[in-house]
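Sequential numbering from 4 applies to the sequence shown in our numbering.
Even glycine gets a Cβ: it sits at the ideal position worked out from N, Cα and C.
Reviewing the structure listed below.
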Amino acid sequence: MNILKQARDSVCVKSISIDKPGASQSFQDKSWYYKREVRSFGCFVELLQNEEQKEGGGSDGQKCSCRTELAPGVSLIVQQGDLTRFPVEVVVNAANENLRLSGGLAAALSKAAGPELQADCDRIVKKRVIHAVGPKWDSNDVLGCVLQLKNAVKRSLHLADNFQYQSIAIPAIGSGDGGFPLSQCVETIVLAIKETFQYNSAGCTLREVYLVDLAEKTVEAFAETVKTVFKNNKPDTASLPSVPAGVQPGPRNDDGNRQMLLCPGGLRILLVKGDVQYAMADVLVNSIPRDLNLNSGPLSQALLAKAGPNLQKELYEAAQGIAVDVGTILQTTGQNVSYQVLHVVVPSWKDGDTSSYKIMGDIVRKCLEITENMRLNSIAFLAIGTGNLGFPKTVIAELIISEVFKFSSNNQLNSFTGGLLSAAPSDHGNIQLEKASGAVSSQYSLHALARLYGTVTSPASGVQEIKIGPITFQLATGDIAQEEADVIVNSTTKTFNHKAGVSKAILEKAGQNVEIECSRLAQQHINGYIITDGGALKCKNIIHVDGGADVKRSVTCVLKECEKRNHSTICLPAIGTGSAQQDPDKVAEAIMDAIGDFIQKRLVRSVKKVKVVIFQPQIMDVFCANMKKREGSQAPSQSIMSKIACELFVWDCYQPCFRSARNENWPITFQVATGDIAQEEADVIVNSTTKTFNHKAGVSKAILEKAGQNVEIECSRLAQQHNNGYIITDGGALKCKNIIHVDGGADVKRSVTCVLKECEKRNHSTICLPAIGTGSAQQDPDKVAEAIMDAIEDFIQKGLVRSVKKVKVVIFQPQIMDVFCANMKKREGSQAPSQSIMSKIASFLGFSKQPPPKRKPLVLEKKTESAIFQVCGENETCVENAVSCLQI
Numbered sequence: 004m005n006i007l008k009q010a011r012d013s014v015c016v017k018s019i020s021i022d023k024p025g026a027s028q029s030f031q032d033k034s035w036y037y038k039r040e041v042r043s044f045g046c047f048v049e050l051l052q053n054e055e056q057k058e059g060g061g062s063d064g065q066k067c068s069c070r071t072e073l074a075p076g077v078s079l080i081v082q083q084g085d086l087t088r089f090p091v092e093v094v095v096n097a098a099n100e101n102l103r104l105s106g107g108l109a110a111a112l113s114k115a116a117g118p119e120l121q122a123d124c125d126r127i128v129k130k131r132v133i134h135a136v137g138p139k140w141d142s143n144d145v146l147g148c149v150l151q152l153k154n155a156v157k158r159s160l161h162l163a164d165n166f167q168y169q170s171i172a173i174p175a176i177g178s179g180d181g182g183f184p185l186s187q188c189v190e191t192i193v194l195a196i197k198e199t200f201q202y203n204s205a206g207c208t209l210r211e212v213y214l215v216d217l218a219e220k221t222v223e224a225f226a227e228t229v230k231t232v233f234k235n236n237k238p239d240t241a242s243l244p245s246v247p248a249g250v251q252p253g254p255r256n257d258d259g260n261r262q263m264l265l266c267p268g269g270l271r272i273l274l275v276k277g278d279v280q281y282a283m284a285d286v287l288v289n290s291i292p293r294d295l296n297l298n299s300g301p302l303s304q305a306l307l308a309k310a311g312p313n314l315q316k317e318l319y320e321a322a323q324g325i326a327v328d329v330g331t332i333l334q335t336t337g338q339n340v341s342y343q344v345l346h347v348v349v350p351s352w353k354d355g356d357t358s359s360y361k362i363m364g365d366i367v368r369k370c371l372e373i374t375e376n377m378r379l380n381s382i383a384f385l386a387i388g389t390g391n392l393g394f395p396k397t398v399i400a401e402l403i404i405s406e407v408f409k410f411s412s413n414n415q416l417n418s419f420t421g422g423l424l425s426a427a428p429s430d431h432g433n434i435q436l437e438k439a440s441g442a443v444s445s446q447y448s449l450h451a452l453a454r455l456y457g458t459v460t461s462p463a464s465g466v467q468e469i470k471i472g473p474i475t476f477q478l479a480t481g482d483i484a485q486e487e488a489d490v491i492v493n494s495t496t497k498t499f500n501h502k503a504g505v506s507k508a509i510l511e512k513a514g515q516n517v518e519i520e521c522s523r524l525a526q527q528h529i530n531g532y533i534i535t536d537g538g539a540l541k542c543k544n545i546i547h548v549d550g551g552a553d554v555k556r557s558v559t560c561v562l563k564e565c566e567k568r569n570h571s572t573i574c575l576p577a578i579g580t581g582s583a584q585q586d587p588d589k590v591a592e593a594i595m596d597a598i599g600d601f602i603q604k605r606l607v608r609s610v611k612k613v614k615v616v617i618f619q620p621q622i623m624d625v626f627c628a629n630m631k632k633r634e635g636s637q638a639p640s641q642s643i644m645s646k647i648a649c650e651l652f653v654w655d656c657y658q659p660c661f662r663s664a665r666n667e668n669w670p671i672t673f674q675v676a677t678g679d680i681a682q683e684e685a686d687v688i689v690n691s692t693t694k695t696f697n698h699k700a701g702v703s704k705a706i707l708e709k710a711g712q713n714v715e716i717e718c719s720r721l722a723q724q725h726n727n728g729y730i731i732t733d734g735g736a737l738k739c740k741n742i743i744h745v746d747g748g749a750d751v752k753r754s755v756t757c758v759l760k761e762c763e764k765r766n767h768s769t770i771c772l773p774a775i776g777t778g779s780a781q782q783d784p785d786k787v788a789e790a791i792m793d794a795i796e797d798f799i800q801k802g803l804v805r806s807v808k809k810v811k812v813v814i815f816q817p818q819i820m821d822v823f824c825a826n827m828k829k830r831e832g833s834q835a836p837s838q839s840i841m842s843k844i845a846s847f848l849g850f851s852k853q854p855p856p857k858r859k860p861l862v863l864e865k866k867t868e869s870a871i872f873q874v875c876g877e878n879e880t881c882v883e884n885a886v887s888c889l890q891i
């Protein structure tokens, strides 16, 4: 209670009203960005919904039957209405496998839209209608039908997101001509929607998902199912709590029926209140006795009832040839449910006996390993061992959370994103599990970082090691030029040409090409460091930092760059202790402080190991003394508000990578170089061609000839189909995954934006393009350079960057190179172009200045009411500074 009293007494609260169209929606869409900006002043900001919003109505004037929250800022709404006139950006049509609009809703849509819709279907053009092929009901293949319907719904949602729509309406797909039983149909659709948003809501453009039907019976079925599946959700229109009343150290409330805890390595732990049949995970862990009887416990019985009797049969088959005993794990499918099941034989709890606790820990760890090995995303533990086996619920909560923390911290995970602790709301005893989990979560989230530094050990002769949160920090004497790591740091001068001491050893070992690259990059705009290839060193990159600059800032920059590039190991010298003559004790302190701060800010995702290699033995003694001084100690003291802010806004690992125009470290590296683009290596190479995509002259000829005949044939085939001014082929013999062929005579900015969007869809990180349109299309090189960079800037400003890291323009003609360089220099250190208020709102909502034809976004319609924001901070000055950055 003391922390709450201190927080209450130290809070300064200010409410502000913004009367701008779409302000409320803009904040919800970019709340992570605003909260980050405000947090830099030690404050919070929350949007308070007004009474009119609370009461809410339907989008078309009809009262909604049910409304809940799928994810922060994303609503699921059940409403009766005519889908053909429903005011959303995209509707889902329940089509047949031939896409013929011959009956039911499909016929109604065809009648309302006219013959052009059928023509569009014939060309498989999806603009404002997504045609979802639902299954034909087969009572002999219930699971197959359910999975097919789920897949149709999920793909529809993903398509809507890919096209950056914000609202979608979905009918009861398959319940009409498809013969799907209504109850099974609506349950499958609702579960598919929930699964889609359970783990993948970050960066999604959808804000409203409507379940719509004209039939009252269907609407009622949808509403009842939503209320059942989301029965513990708080209404999404409820007011957000003010900080004094709502601040509590502990797990985040991700929505009304679950609490979320974030692990240091990136995994999420959710405490979910819900019945076994609604478990939203890829893998479910079920406790079984040695005789494998699934009727022996309430959770197993519920699972068996949902999955069907074949689950018991499959479990017996899985156990054949295995001596089943305590600790055994058997894997089966879910039969009639869409998840894998791990059946575990759990020991009985004996107070004071550590063996049962250890066996249970091994079971949890092995289940996590199996899930990761299967490349699945999530696992649910159904309060295993807390029934007849007698495990105290507090013990189970602590054990599972502890094992997930260890697993998250010690493993480089590929696909695994989270675990669930399930507590059935109907079981009063499981409320204890919820309370225990909350207490343990609080302990881990607030105090795991307090014990930031571990114990100093010596894993090898001459090596000292300590754990700083999830990062292993090592000290060793030796030659850094002989080390192997993802990144080696070179401590040099501000001109980046220092050749003495350790820096000389690094450059000589790396080779002449690295020296040349340093000289070239030193002439460009830099932030106190440059990045080159590793050359002959055993590393991917060398980061050259100014040894005379602020060491803590330099190390922080190195950590950020490594996170951008997903590097896990870093090797650095005692920066600045050579010719820069910085105090070794202060350097040691600065390096470890930088790592500690980086961890406290929850910025660590990929970095696992930082090693300082020291050439002079006397400096090694200084670093070791600093390490010993921190052994087992707490993180640096923070104010009450800073601690709460750190806990409440742990968003870094889960939000899109976005840097504002004011930030000097944008997420995309932009390069211009002369050369032959056909020799480049990238995820995507762009070919500037003609609208017929068969141009064979200049750079385009070089690309096609190098790519090979199959790419030319593919271009000819795709050119006959409907396209949006570009086509995508395989890379052929080029060193790329895809070639995107764009019309060089078209709008260059639009073409580059399309390339960026396609790369984001495919998770590509590197793009190589020519000076589009400056060849036979004879576009003005200066305008082309401007258009390319404007497109990248706009893309970043809209917060759309997730995977793209590097864009390189390769220019064949030297005189055009000069034009591009002049454009780059002109922008050097400048802010993004000024925007009008409406342009800013449009930018936040993901609209370009020239929206695609026939698309009429409705998001801002009738959205001119005041948005009330509450800003809380330690004092009035902090709050005023925070308010000043809320330029919505």
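Taking every protein chain shown into account, the CB of Pro-312 has fewer than 16 other CB atoms within 10 angstroms, so this residue is exposed. About 4 Å separates the beta carbon of Ala-135 from that of Ala-155, a gap short enough to meet the 8 Å contact definition.
Between the beta-carbon of Val-616 and that of Ile-534 there is about 19 Å, and that puts the pair past the 8 Å contact cut. With respect to Ala-172, Val-94 sits close: the two C-beta atoms are nearer than 8 Å. If you keep only unbroken beta strand (DSSP E) runs of at least 3 residues inside the stretch 561-646, you get 572-575, 612-617.
In this structure the stretch 507-515 does not touch the stretch 562-570; the number of beta carbon pairs closer than 8 Å is below three. Our two residues, Val-149 and Gln-187, have alpha carbons roughly 8 Å apart in a direct line. A straight line joining the alpha-carbon of Lys-38 with that of Ser-887 spans about 13 Å. Segment contact: the stretch 724-742 against the stretch 773-793, fewer than three CB-CB distances shorter than 8 Å; contact not assigned. Per DSSP, the unbroken beta strand (DSSP E) holding Glu-72 starts and ends at 69-74. In the three-state reduction of the DSSP assignment, Asn-530 falls in the coil class, being assigned neither a helical nor a strand state. A direct Cα-Cα distance of roughly 45 Å separates Val-787 from Ala-593.
With 16 or more other Cβ atoms inside 10 Å of its own Cβ, Lys-611 counts as buried.
A distance below 6 Å between beta-carbons, with the five flanking residues on each side excluded, links Leu-160 to the following residues of its chain, in chain order: Thr-199.
If you draw a 10 Å sphere on the C-beta of Thr-389, you find 16 or more other C-beta atoms in it, and that means buried. When DSSP states are grouped into helix, strand and coil, His-767 belongs to the coil group. Ranked by Cα distance from Phe-673, the options Ile-731, Gly-747, Ser-768 are led by Ser-768. Annotated three-state conformation of Ile-133 is strand, per DSSP. In the three-state DSSP reduction, Leu-217 falls in the coil class, being neither helix nor strand. Under DSSP, the beta-bridge partners assigned to Leu-79 are Thr-71, Val-212.
Linking Lys-829 to Thr-559 through their CA atoms gives a straight-line distance of about 28 Å.
The beta-bridge partner set that DSSP reports for Ser-290 consists of Val-347. Beta-bridge pairing by DSSP links Asp-549 to Thr-495. Comparing alpha-carbon positions, the option among Phe-47, Phe-30, Ala-26, Leu-385 lying closest to Cys-881 turns out to be Phe-47. Per DSSP, reduced to three states, the secondary structure at Ala-463 is strand. Judged by pairs of C-beta atoms under 8 Å, the stretch 537-551 touches the stretch 490-499, as three or more such pairs exist. In the same chain as Lys-470, and ignoring 5 residues on each side of it, the C-beta atoms closer than 6 Å to its own belong to Gly-457, in chain order. Per DSSP, Leu-524 is not a residue of any beta strand (DSSP E); the alpha helix (DSSP H) it occupies stretches across 515-525. For Leu-478, the uninterrupted beta strand (DSSP E) segment begins and ends at 474-480.
Contact annotation, Val-349 with Ile-366: C-beta distance approximately 7 Å; criterion of less than 8 Å satisfied.
For Thr-87, there is no enclosing beta strand (DSSP E), as DSSP marks it with neither H nor E. For Lys-811, the enclosing beta strand (DSSP E) begins and ends at 809-814. Contact between Val-810 and Ile-795 holds: their C-beta atoms lie close to 6 Å from each other, under 8 Å.
When the alpha-carbon of Gly-537 is set against those of Thr-496, Leu-562, Glu-486, the nearest one is in Glu-486. Residue state for Ile-373 is assigned as helix, using DSSP reduced to three classes. The C-beta distance from Ala-226 to Ser-68 rounds to 4 Å, short enough to fall under 8 Å.
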